[in-house]
Structure formats: C-alpha cells, structure tokens
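The structure appears right after this line, and notes come after that.
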Ligand SMILES: [Zn+2]
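As structure tokens, this is what we get:
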C-alpha cells in the first residue's frame, strides 16, 4: 500500500540472536511463514494498522490469531453478548453523570485516568446541580477522592461478594426482600434511593476475568434502573490496544478474538484458538509474536519457534527467537490510530519522534507484499 | 481498451435502452474509437448492461454496526452453532464480506447513513476495509449540546452553518443526517417519547426547529445531498400523521426522508394497525421537493441498528433473541435490537405490504429509493428478491397468499398492478441516487463516466439475475465474473469539504477542552487515517 506510515530508517533486527539487516530478517521470517503448516499470530499488541495488516496476512497463510488480553476482553464482551447492556462514553461520564457507581476492586484506589477526570470535575451538563455522587463498591477508597465536589458512599466488601451485593441492590430496587447481606438493610435502601435519584448515572469498572458474575449483576442492575431513570456503563479497557484490536477483528471477521483462518472462512473458538494452548500443544508450528506497546513476552515463548515483532527497547533481544524485528511504538515512532481510553473511541495520534524504526504494519505489509498478489481475491 | 459488445445498455440518465457496444479505457467510459480495436473484448449479447448500482442508505459500518456484530455472532456465516439458514446468516457480517457481496450484486457505491461524528474515524477504518465498492458516510447531527446551545442562544443561521461545515469536514462525510431530532438528548433527560413539536429539556428547542436549522445549513453550504431525515415516532401505529406533517413542514428546500415504510402506519382495522402507505404515497407524489427511501421489510431474522436510541429503547421488549444494547453516545445515541419479521405476524405482514405500496404508488422512480434500511428492514442480501417482487405482480400475489388473511383488509397492495421495468429499476438504483448524492461521474454510462458497470444475465427469474452479476467492472477493472469475485481492490470514500468560517474550529477546540477535558483532535479524521493515501475522494459542493 502506498504511503503506509512508519516505513522506518533505523531498523534493528536479529536472526537467532545475531544482528542483521531488516531485509535479511524479513526474508528469514518469510521462509518460516511459507513452510509453516499452522502459524499462530499472538500478542497482537499493536495499533489498528498493525491489526488490519496481520489479518490480511492471516487470511493468506491460514493463521490462528489471538490478543494477549483476549481472555479478559472476551469474558467481558460475552456478558454484553449474552445479556445485552447499556454503554456510554468517558466523555458523557465526565460531562453528564450526576451519579457514579464504581466497582473499585480492580481499580487502584488512587484512581485511573478516567476516575481522576470524573473526581476532579463537575458534570457541566448534569440536570441536577448537587455535587457528583459516588457509590464506591469494593475495597476501601484511598487518597484523592476527597473533593468537596463529591458526595461519597463507600460500600466495603471483598471482591468475592460484589456480585451478591449488586444482586441485593437489584432486589431492593424491585421492592423484593433480601436475606442476610454484608450491608445492613437500611444502608442498602439508602443506596437504592441514591441510585434512583440519579438523573444520569454511570457505572464504571475494570473487570478481571474472575469478576464475570459481578459484571452480570451490574448489567442487570443498570437495566432495571433504566425502568426508572437513566443509567449506563463505562468499562475501563485492558492495555495494549485490547479494545481497538477487538474492534478491528470484529469488523474484519465478525469475532472479537480467538480466530482461525485455516479453513478459509474465519472461525471463532476461545478454547481451540487460545494462543497458549496452540503453542504448548504443538498444534501451531510457528508463532508470530507482536508487542509494540511494551517489551513483553509470553510465558510460552520458548515452546514454539517464534518470529517476534517487539517494542524497540534496547536489550530486548531474545536469543531464542528465530527472527526478531524491533518495531516502533505507536504514536511515538509513527503516526497511529488506536483506542483512546480518554474518549472511548478510536483516535488518530501523530508521532512524537518520527520514523526511527518501522511500524508493525510496515513489517507485516512486507510479508503480505511477498505472499499476496495485489488485488488478488483471497479464499 | 475494453469493449463490452452487443449488450442491451440501460442508461436512464441518457434515456438509453438499446443494443450498443460500451467502450472503456482505464477507469472511464469512452466514445467508440474510430476503427476501434479492443485489447479485451467481452461478448455480452443478450445480456443487460447497467451502470454500477448505488445504495444511498445501508448501515454497513461504524461503531453501532460493529456492536451488532458482537451481539449476534450466531448469525455470522462461519459461527459454529448457527441457526438454520436465514438472510442474516447469508449476510457477510464482516466488512470484507460486505464489499464482496455488494459487488457480486452489481453495486459499486454504498452510503453508510448514520455515523456520529465522534466515531467517524472508526467508520472510515471499517470502510477502508470494505473492499471493491466506493463508500461514503452521512454525519449524524441534531442531538449535540453545541448545536442545541447555539439554537438556545439564538446565534443565528451563520453560526449553525459554520458548525455544520466544520463537522462535515472533521468527520469527512458526504452529507448530514438528522435522526429523531433532539430525541437522543431528550432521552438522556429520561424523556421516553418525542414528537415533531416536543422540546428538548433545558434547551427549549423543538425537534421541528432542529430539522429546519439543519436543512437550511446543508443548503447554505452547497452540500449536494439534501438533509437526510429520520423522522420522529418510528414504528408506531398512526405515525403516518408525523410523516405527513414532516412533509408539509419542510417544503421550502429539498429534503430526503429515510425508510418511509416505518412511518406509513395508520390505526384502522380491528387491531388498530394498518397500512397508510397509499395516503403517504399520494403526499410524496405531490411534494416535488422531497425524495424518500423505503426501508422495505422482508421476512426473516435480522437486527435493527439505529441511532434513534429513544425508539430502540422502547423496542427492547420485543427483541428476538431477547438481548439488546443501548448506547448513550457523546452527542448521539444508538440501539442494537435483534428482531425476527415473521410471515405469520399480522404486524410484520402489514409492514411488508406497506413498503411495496410505497414503491408501487410513488410514481416517479427518481424520487423513491431502493432500500431495506439494511439491516433494519432486512439484510441487503435480500435485494434480489425485492427487485423480483417489484417487477412481478404474480409473485406478489403468491407471497400475499402466504400471509395472514387479516392483512388484506388493511393494505391496498392486492389491487396494485404496476410492475417495474428494468429501466425503472435502473433509474431507482443508478441514475437517481447518483444525482441525489451529487456524484456526477457515476450512475450513468455516458462518455467520461466512471467505468463502474454491471452486466446481468437476462433471466426470467429476476432474483437470480440480480443475485449474481455476470460481470462487474469497478473503475474499469474486472472484479466479478459469473458471480465470483476475481479482484479485491480497495475502494474509495467520498466526502465533501464545504467552505465555512474557520473561527468555529477554534471555538470548538475550547468547547471540547472545557466540557470534556479532551482535545477536539481526538475526533478529527485526517486524510491519512485509513492507513494509506488516496483513501478519500472529494465531491464538490455548490458555491
Ligand atoms: Zn437507517
């Protein structure tokens, strides 16, 4: 493709740990890709361009493809897929939410970037003039959130009891009795009243996979609240452009993760097409590992022959990788589009230090150029 | 040079329906060269040759569509445990399949009509990954605090025009759509129903006023496509009154009403639900400032993907399967609600009949456009069946026989004898949409036209004919042969860049920083965003 961003003038590459030219590394990688019976594309820590190029290549070589956070992202998406849900954006949470229901167990007490924003600002579009209400569920709230702009209710329960607590709130909202709960009946009732009084409430969480039950309970609670008032959700997403990669995989294949192209049509199966399983079982005979945002390796790195496109940090060389090519950091070394946790949408970012080394897309497009005739209809 | 020899060329823009050779050089249609020799010669004698088809309203990309893909993986073709064959399982859920399937049917340009400006970048990436066909988006405005505040503060037409110009430029859209104007904002204030004269809480601005302001702004900017309107009260019994009022209210300037079938309901009959399409068609025939598309319902499983969040929330109780996603976007909304239209359902049968009535009773095929509001009325893969229904009254009669008898009492469809000709089909799907969108080099086969050409077998079975084209050329390149994709080239995305006073950009910069604590740059689509240069093509505005 003409004009692809981040062609890179200062490439760094190694074949079996020995420094070589980018051209030599690309040739060596191509030889491996050509002879592989079942390649696995894993990590997928890259921007939208990288993901789109990787899918083109996966279609050509019949690879399986799996993002490193697919388990967490997949479980969270599964709740929305099975139950439906209500979603809003970080922008609406900041500008409009008069009430925040925060599942704090996985969020650090000092707050993520979004929590800082909602704690430090007043909702300018809120219909209700009162201070922003925060209902904090989980482990105790530390540090920052002591602003006079906030009215905080803290419900301290262990992570394992969050789902039960949310179910109890849901029952009280429906006027049903609840049995023994970790929070007193009057306290529960007071919280239900606050939720009901919200004119536009937002639930915020960051879910580790073990909290699927809590997310299900929360989804049900938010749905019921919309019978009375307006309430919606903002999940805080995993790193390494997990949300962006899931979006691109969805539009390119219909599925957010764990996809295989060996039968031509994309197939999806979270178990069969799990990277660790494919690598360890020997079903995959070659891995293309991609981690452009940080120097990070899978714990199965030495169990399958590997081509690695890795973050540029020096000294990241892995002697065991067959081929390793250093790639630029999106938004630093090359212009990029990836998921912005600030806006909750895909966004374009200009490079801050332009084109020192190639982008994932630039390297993968070289593979594609060698393996795919331009314009050829795949399948 | 390519010659398509001896085909029946149907080119309504030039009033042509004749046996003639078509010559193509590079990406363009050219005059027959004197003593001409073709490098490639295709004998298309006995075949039908038309310009590539243009779909003005099909939800094929963007954040809401992608959410629908996530919600309904069971309807993806390759899903492991999928339901029995339905139009939705035949549908390419992916962008790749979307481009390929459209091309296979001879479509070469498709407009995605509902993109919130804040998700425009996402939509453009999806469109860049939709191969073969050219694309465009319409930017959804009318529910955002900035615009409503301009109106509340009575800042005047100039301010609104500059704002609309800026949003078109930053989102790289071809035109503007307004969806249940003001309702997405009202829904954030817990309003649950919203009509033309309802007022958005805290802004004191009516739906009518928003539509009017946007209609004027689009016109003043010289955007070729008139304001594209999704009216209030979609899907409700008796909503024909809303549609009639809307037609009457905005008669000063051109306007396009989307998926009118969903507003063609009366309250007659035992069940208080009837087709009022005949009344509506009569009003459309008289209103020459107006164009409409139908939003035909076809039977089967599908999913509704709409930015009319207030309406979608109300529909969640009817979801099938029983799950929905409701989105309160930054300055818009959205709802994804799956639905099954059943032949045995009286309501669905009335909807089906009402759509066909609109097609058949609106006299001028240049003002009625071919849509199923994909995927809301039916997936676009149903188009061939729908062409066949329009062209064959006996086929319609056979379908009517299979519907609940009570349907017949509340629709005029059984009495309609009209059958579309191929010329009328070509008008509705080729020449008219090109004109409506301001695309002067497509939708026709005159000299200099883009060589987007579809060649069909002239089959008695019109559905089979339109399902798989014999040949399709895109920009003069063969992309389909005998219903198979042979080239998968990237298409372009068409957009306008109207001129406006750039002072509004600086004002918007400040607005985003102060309201959201975010840079407006996060929402701007630079030309290189799709990952390669030349992804966009400019469509000129009137000056
Ligand atoms: Zn629509």
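Residue numbers (the working numbering), protein chains in the order written: chain F, 63 to 441; chain X, -11 to 531. Even glycine gets a Cβ: it sits at the ideal position worked out from N, Cα and C. In this text, all values refer to a predicted model and were calculated from it rather than measured experimentally.
How should residue i be labelled, buried or exposed, when 16 other C-beta atoms within 10 angstroms of its C-beta is the threshold for buried?
i: residue 80/F; result: exposed
i: residue 515/X; result: exposed
i: residue 412/F; result: exposed
i: residue 414/F; result: exposed
i: residue 76/F; result: buried
i: residue 96/F; result: exposed
i: residue 364/X; result: buried
i: residue 333/F; result: exposed
i: residue 361/X; result: buried
i: residue 476/X; result: buried
i: residue 79/X; result: Interpretation of residue 79/X is limited by its pLDDT of 48, a score under 50 that renders its predicted location unreliable; no figure is taken from the coordinates.
i: residue 396/F; result: buried
i: residue 109/F; result: buried
i: residue 180/X; result: exposed
i: residue 94/X; result: buried
i: residue 398/F; result: buried
i: residue 123/X; result: buried
i: residue 320/X; result: buried
i: residue 266/F; result: buried
i: residue 373/X; result: buried
If I measure Cβ to Cβ from residue i and keep anything under 6 Å in the same chain, skipping five residues before and after, which residues do I get?
i: residue 370/F; result: 351, 383 and 386
i: residue 198/X; result: 130, 169 and 170
i: residue 66/X; result: Legend: pLDDT at residue 66/X = 41, less than 50; position of this residue unreliable, no value from coordinates given.
i: residue 177/X; result: 189
i: residue 318/F; result: 139, 308, 311 and 312
i: residue 112/F; result: 422 and 423
i: residue 74/X; result: For residue 74/X, the pLDDT reaches just 48, beneath the cut-off of 50, and the residue's location in the model is therefore unreliable, although a value from the coordinates is still provided. So the qualifying residues of the chain are 288 and 289.
i: residue 213/F; result: 193 and 195
From which residue to which residue does the beta strand (DSSP E) around residue i run?
i: residue 444/X; result: 441 to 445
i: residue 29/X; result: 28 to 31
i: residue 328/X; result: 321 to 329
i: residue 110/X; result: Residue 110/X -> not in any beta strand (DSSP E); alpha helix (DSSP H) instead, spanning 108 to 116.
i: residue 121/X; result: Counting along the chain, residue 121/X falls outside any beta strand (DSSP E), and DSSP gives it neither H nor E.
i: residue 502/X; result: Per DSSP, residue 502/X belongs to no beta strand (DSSP E); it is in the alpha helix (DSSP H), 491 to 504.
i: residue -1/X; result: -10 to -1
i: residue 107/F; result: 101 to 107
i: residue 484/X; result: No beta strand (DSSP E) contains residue 484/X, which DSSP labels as neither H nor E.
i: residue 521/X; result: Segment: none, residue 521/X is in no beta strand (DSSP E) and carries neither H nor E.
i: residue 165/F; result: 161 to 165
i: residue 340/X; result: Premise fails: residue 340/X lies in the alpha helix (DSSP H), 334 to 349, not in any beta strand (DSSP E).
i: residue 465/X; result: 465 to 469
i: residue 90/X; result: From DSSP, residue 90/X is part of no beta strand (DSSP E) but of the alpha helix (DSSP H) over 83 to 92.
i: residue 445/F; result: Since the displayed chain F opens at 63 and closes at 441, residue 445/F lies outside it and no answer follows.
Note the first and the last residue of the continuous alpha helix (DSSP H) segment covering residue i.
i: residue 274/X; result: 265 to 274
i: residue 152/F; result: 152 to 158
i: residue 207/X; result: 195 to 208
i: residue 281/F; result: 274 to 287
i: residue 459/X; result: Here residue 459/X belongs to no alpha helix (DSSP H); instead the beta strand (DSSP E) covers 459 to 462.
i: residue 527/X; result: Premise fails: residue 527/X is in no alpha helix (DSSP H) and is neither H nor E.
i: residue 97/F; result: 84 to 97
Can you give me the Cβ contacts of residue i inside the same chain, cut-off strictly under 7 Å, excluding the 5 residues immediately before and after it?
i: residue 299/X; result: 168, 222 and 223
i: residue 53/X; result: 47 and 293
i: residue 414/X; result: -2, 0 and 38
i: residue 51/X; result: 107 and 110
i: residue 353/F; result: 105, 107, 372 and 373
i: residue 531/X; result: 210
So residue i contacts chain B; which residues on that side make the cut at Cβ distance below 7 Å?
i: residue 499/X; result: The structure shown contains no chain B; its protein chains are F and X.
Below 8 Å CB to CB, which residues in the same chain sit around residue i once its five sequence neighbours on both sides are set aside?
i: residue 332/X; result: 392
i: residue 337/X; result: 331, 391, 392 and 395
i: residue 467/X; result: 91, 120, 460, 461, 473, 474, 475, 476 and 477
i: residue 148/X; result: 135, 138, 139, 201, 202, 204 and 205
i: residue 20/X; result: 9 and 11
>> Quick check for students: name the residue ranges of the alpha helix (DSSP H) that lie wholly in the segment 380 to 428 of chain X, counting only runs of 4 or more.
In response: DSSP runs (the alpha helix (DSSP H)) wholly in the segment 380 to 428 of chain X: 381 to 389, 410 to 414 and 420 to 425.
> Which whole runs of the beta strand (DSSP E) in the segment 126 to 177 of chain X are 3 residues long or more, in chain order?
Replying inline: You should have 163 to 167.
> Which residues have a Cβ closer than 6 Å to any heavy atom of ligand 1, listed in chain order?
Replying inline: With 6 Å as the limit, the residues whose C-beta approaches any heavy atom of ligand 1 more closely are 45/X, 47/X, 101/X, 102/X, 246/X, 247/X, 361/X and 364/X, in sequence along the chain.
> What beta strand (DSSP E) runs, 3 residues minimum, are completely inside the segment 207 to 250 of chain X?
Replying inline: The segment 207 to 250 of chain X contains these whole beta strand (DSSP E) runs: 215 to 218 and 243 to 245.
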